[in-house]
Amino acid sequence: MKAIVVGCGAVGTVLAVALSLGGAEVVVASRRASGCSQRRAEARGLGSSMVSVCGWAHLPKEVDVMVFATKAYDLPSAVNAAEDLGLRPRLAVSVQNGLGSLELVEEAFDSAAGMLIYFGSTGLSECSALYTGGRRVVAGCRRSCDEDALRELLDAIASAGLSSEKVSRDEFEGERWLKLATNAAINPLTLIVWSRNGEIVRDERLRALASALADEVGRVARGLGIRLPEDPVEAALRTASDTSANCSSSVQDVAAGRRTELRYINGAVWEASLKLNSRASLNLFAYLAGEAASEWLKGRRSPCEG
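With this note's numbering, the residue at position 277 of the sequence shown is 285, and numbering never jumps.
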């Protein structure tokens with residue numbers, strides 16, 4: 009299997025290494041690269057492997073899978089670049105947090121899937137990351153897609169030691185909202201108190217807030233007719249515990265001077281609730297408070313350093 013991984017940050021690096029260790033031929037798309045070169049991608053705690061790093065103009069035209077592991081706000085430009093170059097993979101995969109990204113990939117490609125990440129990782133530099141725990145990866149299609157390509161992708165990931173799971177079309181939306189509840193509970197709180205994920209379960213006040221946020225996401229999902237596979241509060245707290253040593257993507261983003269994805273997480277929950285009689289006010293508060301905090305925390309040393 010030949011795979012392009014777009015984005016070699018925390019998540020993209022772990023996926024690139026896992027795919028390569030699982031036997032796939034991996035090409036990393038990089039805007040910084042000119043031409044193609046071999047580089048060792050390293051996910052400390054999982055492994056390392058040689059991958060090809062190529063500038064966009066030098067990417068192979070025909071591949072089995074194209075995994076978009078960019079930030080949600082960078083995805084539109086990445087998708088546009090792929091379309092401009094005429095890249096047509098058998099399967100395009102969205103790995104972004106929150107809502108909206110999978111929809112964009114589905115519009116751009118005939119065969120598209122979503123992937124939900126439950127492992128923790130911290131980006132160190134391009135194609136270098138620290139894998140910090142958790143192994144579950146869930147993927148599925150909401151419409152027709154190349155099921156064989158998806159299965160090959162998940163088999164390669166599993167061969168590297170991660171736990172991959174393919175769910176049915178009917179189940180995937182519930183899984184996506186369960187992951188949304190997890191991110192909505194962990195990301196804004198760890199950003200505001202500037203802590204690792206484990207603080208969510210250690211501090212009773214944060215535990216209560218995270219539980220309320222996850223529960224509210226579950227209520228919005230049920231109002232929209234989406235059935236979650238398990239209790240969102242239990243899922244959020246378990247993920248915080250499993251990735252206790254990790255810093256959430258929001259903390260990592262702000263420490264690196266980047267924007268957060270809270271608009272696509274808590275902000276998206278609020279927007280979805282506008283279709284219902286009840287409003288997701290807690291998630292609106294978490295979104296706005298997190299964005300406000302990010303302005304004066306930007307560039308501060310990450311709690312995962314040192």
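Yeah, the Cβ is synthetic: ideal placement off N, Cα and C, and Gly gets one too.
No experiment lies behind these values; they were computed from the predicted model shown.
- Boundaries for T140: no alpha helix (DSSP H) harbours it, while the beta strand (DSSP E) harbouring it runs S136 to G141, taken from the DSSP string.
- For Q104, there is no enclosing beta strand (DSSP E), since its DSSP letter is neither H nor E.
- In terms of CA proximity to R267, K306 leads the group A297, H66, R143 and K306.
- Contact between T130 and C16 does not hold, since their C-beta atoms are separated by about 14 Å, which reaches or exceeds 8 Å.
- The three-state secondary structure of I12, taken from DSSP, is strand.
- In the DSSP assignment, L124 falls within the beta strand (DSSP E) that extends over A120 to I125.
- When DSSP assignments are scanned along the stretch 202-235, the uninterrupted stretches of alpha helix (DSSP H) that are 4 or more residues long and fall wholly within it turn out to be 207-210 and 212-231.
- A direct Cα-to-Cα measurement between R98 and V73 gives close to 6 Å.
- When rounded, the separation of the alpha-carbon atoms in L296 and V71 is 40 Å.
- Setting aside the 5 residues that flank it on each side, S172 is surrounded in the same chain by V145, L162, I165 and A166, each with a C-beta closer than 6 Å to its C-beta; the list follows chain order.
- Contact check for S219 and V241: beta-carbon distance about 5 Å, within the 8 Å limit, so the pair qualifies.
- Apart from the 5 residues on each side of it in sequence, L236 sits with its Cβ closer than 7 Å to the Cβ of G182, W185, L186, G226 and A229 in its chain, given in chain order.
- Nearest C-alpha to G20 among C44, N105 and L95: N105.
- Boundaries of the beta strand (DSSP E) around V75: V73 to F76.
- V209 is not a Cβ neighbour of A253, given a cutoff of 8 Å.
- When C-beta atoms of the stretch 55-62 are compared with those of the stretch 75-89, fewer than three pairs fall below 8 Å, so the two segments do not count as touching.
- If you check the CB distance, L27 and A37 do not come in under 8 Å.
- Under DSSP, no beta-bridge partner is assigned to L67.
- Between L284 and G231, the C-beta gap is smaller than 8 Å, which places the two residues in contact.
- Residue burial is scored here from C-beta neighbours: K79 has at least 16 other C-beta atoms within 10 angstroms and is therefore classed as buried.
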